[in-house]
Amino acid sequence: MKIAVLANIKEDAPISPEDPPGRWDDLDDRLTVDAILESITTLGHEAKYFPAVLESIQEIKTFNPSLCFNSAEGYFGDSREAQMPAVLDMMRIPYTGSGVLGMMLSHNKHLAKRQFIQTGLPTAKFMVIEDINNIPESDLKYPMFVKPAFEGSSIGINEFAVSRNYEELVNQVRWVLNNLHSLVIVEEYIEGREFTVGILGDEPLPIVEIISPTGFYSRSQKEDFESEVYRVCPAKLTEAQTKEFQHLALRVKQVLNLEDVWRMDLRMDNAGNPYILEVNPIPLIYPDPKQASLIYAAYTKGYTYTDVVRKIIESAAKRWNLSLD
């Protein structure tokens, strides 16, 4: 099978002096792309990398892949992760991962949270702010957590993300608006523990607990892998809690229209109640498990990196009714 690998890598990002801190943190680097290519070749397929930009469309058509391995985050727009699936749908080329709707809902975190609420999935109470001079009245309780509505990789989350009074809230909302130029989500901060649940195909992976001295995962902590943040996998949970969290991650599939691979982040309060934070439909699959929670979970289960790539391809091939020969 001919497989095109599509990604937007950091080295090619359209960097601007006006970019906010960490603007391109969620993009892949070349090492990840090379690891995917090597795994696909090891599995007996022909693989080639294409930058996920409009200029690549004709080259992709010429390559004529049976399947695209989509890791494209996109560069611009509120639904940038949905752009490549939309292009591939128009070209009638099958691809791995979620489609346009799944990518759009997941990337727009306020829309995802509304879907969770409408379908009875647990998530913290929240409000959306687009103007610092128009913070709506609400019954949200302090402390509150402030984050941009459209970013991943903890972009826009700094050490002041938790606001414990109105003054701190206004300052942090202003900072996000000024630096990210994004809608802002303000949600009740869930005191407790933080976890992430990865899914390969329809298979839940062992749960990873993220332990941080600040109580939450900031961008600077994600950048500094020597920081005091560390991961534990499998997480120290009861069997019932493990099954409950994994079941939530599988239910999210139907709610957000997810496919093949995704990662759900959640917190558990001190009473043991889970709250979904957000979902990443393009989780990092950097080959170092110290830097990628999904890979760490897969390795804990006994999978190799190539196994992860294989399972993503097999799940997509089954959906698209493709032969893997």
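The letter at position 49 of the sequence shown is residue 48 when you use numbering that gives the first Met the number 0, and the numbering goes up by one with no holes.
Using N, Cα and C, we set each Cβ at its ideal position, and we do this for glycine too.
As the structure is a computational prediction, the values presented were derived from the model and not from experiment.
#### Entry: Terminal residues of the beta strand (DSSP E) in which P273 lies
In the DSSP assignment, P273 falls within the beta strand (DSSP E) that extends over 273–279.
### Query
Could you give the distance in angstroms between the alpha-carbon of I2 and the alpha-carbon of I39?
In a straight line, the C-alpha of I2 is about 8 angstroms away from that of I39.
### Message
Extract the residue ranges of the alpha helix (DSSP H) inside the region 232–307, only unbroken runs of 4 or more that lie entirely within it.
### Response
Fully enclosed alpha helix (DSSP H) runs of 4 or longer: 238–255, 292–300.
### Query
Going by beta carbon distance, what residues of the same chain come within less than 7 angstroms of M126, once the five residues before and after it are set aside?
Correct list, in chain order: P135, S137, L139, V185.
### Task
Whole angstroms is fine: what's the gap from C67's alpha carbon to D88's?
Rounded to the nearest angstrom, the gap between the Cα atoms of C67 and D88 is 11 angstroms.
### Task
Counting only the same chain and skipping the five closest in sequence on each side, list residues whose C-beta sits under 7 angstroms from that of R29.
Hits under 7 angstroms: I8, E10.
### Query
Just how far apart, CA to CA, sit L26 and Y74?
Each residue's alpha carbon lies about 9 angstroms from the other.
### Query
Using the rule of at least 16 other Cβ atoms within 10 Å of the residue's Cβ for burial, across every protein chain shown, is R368 buried or exposed?
Since the displayed the chain opens at 0 and closes at 324, residue 368 lies outside it and no answer follows.
### Query
Which residues in the same chain as V183 place their Cβ atom closer than 8 angstroms to its Cβ, once the five residues preceding and following it in sequence are excluded?
Hits under 8 angstroms: V127, I128, E129, V145, K146, P147, A148, V172, V175, L176.
### Query
How many Å lie between K263 and L276 at the Cα?
The sequence given here places Met at residue 263; Lys does not occur at that position. Looking at the backbone, the Cα of M263 and that of L276 are separated by about 8 angstroms.
### Query
What are the boundary residues of the alpha helix (DSSP H) that F115 is part of?
It spans 108–117 - the alpha helix (DSSP H) in which F115 sits, taken as one unbroken run.
### Task
Look at the alpha carbon of S55 and the alpha carbon of M83, and state the distance between them as a whole number of angstroms.
Computed Cα separation, rounded: 11 angstroms.
### Residues near P64 by beta carbon distance below 7 angstroms, same chain, minus five either side
Short of 7 angstroms from the beta carbon of P64, and not among the five residues preceding or following it, lie these beta carbons of its own chain, in chain order: K1, I2, A3, I92.
### Message
In this structure, how does DSSP classify L176 when only helix, strand and coil are distinguished?
### Response
Note: L176 maps to helix in three-state DSSP.
### Task
Look at L110 and N256 and say whether their C-beta atoms are less than 8 angstroms apart.
Remark: C-beta atoms of L110 and N256 do not approach each other more closely than 8 angstroms.
### the region 112–127 contacting the region 287–300, beta-carbon criterion three pairs below 8 angstroms
In this structure the region 112–127 does not lie against the region 287–300, because fewer than three pairs of beta carbons, one per stretch, are closer than 8 angstroms.
### Query
Looking only at DSSP bridge pairs, what is S162 linked to?
Bridge partners of S162: M143.
### Assigned exposure category for G197 - 16 Cβ within 10 Å defines buried
With 16 or more other Cβ atoms within 10 Å, it is buried.
### Message
Just to confirm the assignment: which complete beta strand (DSSP E) runs, minimum length 3, are found wholly within the region 63–112?
### Response
You should have 66–70.
### Query
Just to confirm, are V169 and I131 a CB contact at a threshold of 8 angstroms?
Taking 8 angstroms as the cut-off, the beta carbon of V169 is found closer than this to the beta carbon of I131.
### Query
Among the residues of its own chain, which have a CB less than 7 angstroms from the CB of R318, if the five just before and after it don't count?
Cβ neighbours of R318 beyond the five flanking positions: E258.
#### Entry: Bridge partners - R230, DSSP secondary structure assignment
I209.
### Query
Can you check whether the CB of A81 is closer than 8 angstroms to the CB of V325?
With the chain running from 0 to 324 in the structure shown, residue 325 is simply not present.
### Query
Taking the continuous alpha helix (DSSP H) assigned at L36, which residues delimit it?
Residues 29–41.
### Task
Report the rounded CA-to-CA distance for A248 versus P203, giving the unit in angstroms.
Roughly 8 angstroms separates the two Cα atoms.
### Task
Return yes when the Cβ of E208 is within less than 8 angstroms of the Cβ of K242, no when it is not.
Judged by their CB atoms, K242 and E208 are not nearer to each other than the 8 angstroms cut-off.
### Query
Taking buried to mean at least 16 other C-beta atoms within 10 Å of its own C-beta, is Y229 buried or exposed?
Looking at its Cβ environment, which holds fewer than 16 other Cβ atoms inside 10 Å, Y229 is exposed.
### Task
Under 7 angstroms Cβ to Cβ from Y188, same chain only, skipping five residues before and after it: list those, please.
Sequence-distant Cβ neighbours of Y188 in its own chain, meaning closer than 7 angstroms and more than five residues away, are P142, M143, F144, V161.
### Neighbourhood of G76 by C-beta distance below 6 angstroms, restricted to the same chain and skipping five residues each side
Non-local beta-carbon contacts of G76 in its own chain, meaning distances under 6 angstroms to residues more than five positions away in sequence, are absent.
### Reference E72; option with closest CA among G43, H106, A46, T61
Proximity to E72 across G43, H106, A46, T61 peaks at H106, based on C-alpha coordinates.
### Task
Just the C-alpha distance for V278 and L323, rounded to the nearest angstrom, thanks.
Computed Cα separation, rounded: 29 angstroms.
### Query
Is it the case that the Cβ atoms of V254 and T118 are separated by a distance below 8 angstroms?
Note that the C-beta distance between V254 and T118 is below 8 angstroms.
### Message
Quick check on DSSP: helix, strand or coil for I56?
### Response
I56: helix per DSSP, three-state reduction.
### Query
Going by beta carbon distance, what residues of the same chain come within less than 6 angstroms of H44, once the five residues before and after it are set aside?
Excluding five sequence positions before and after H44, the CB atoms of its chain that fall closer than 6 angstroms to its own CB belong to M0, I2, given in chain order.
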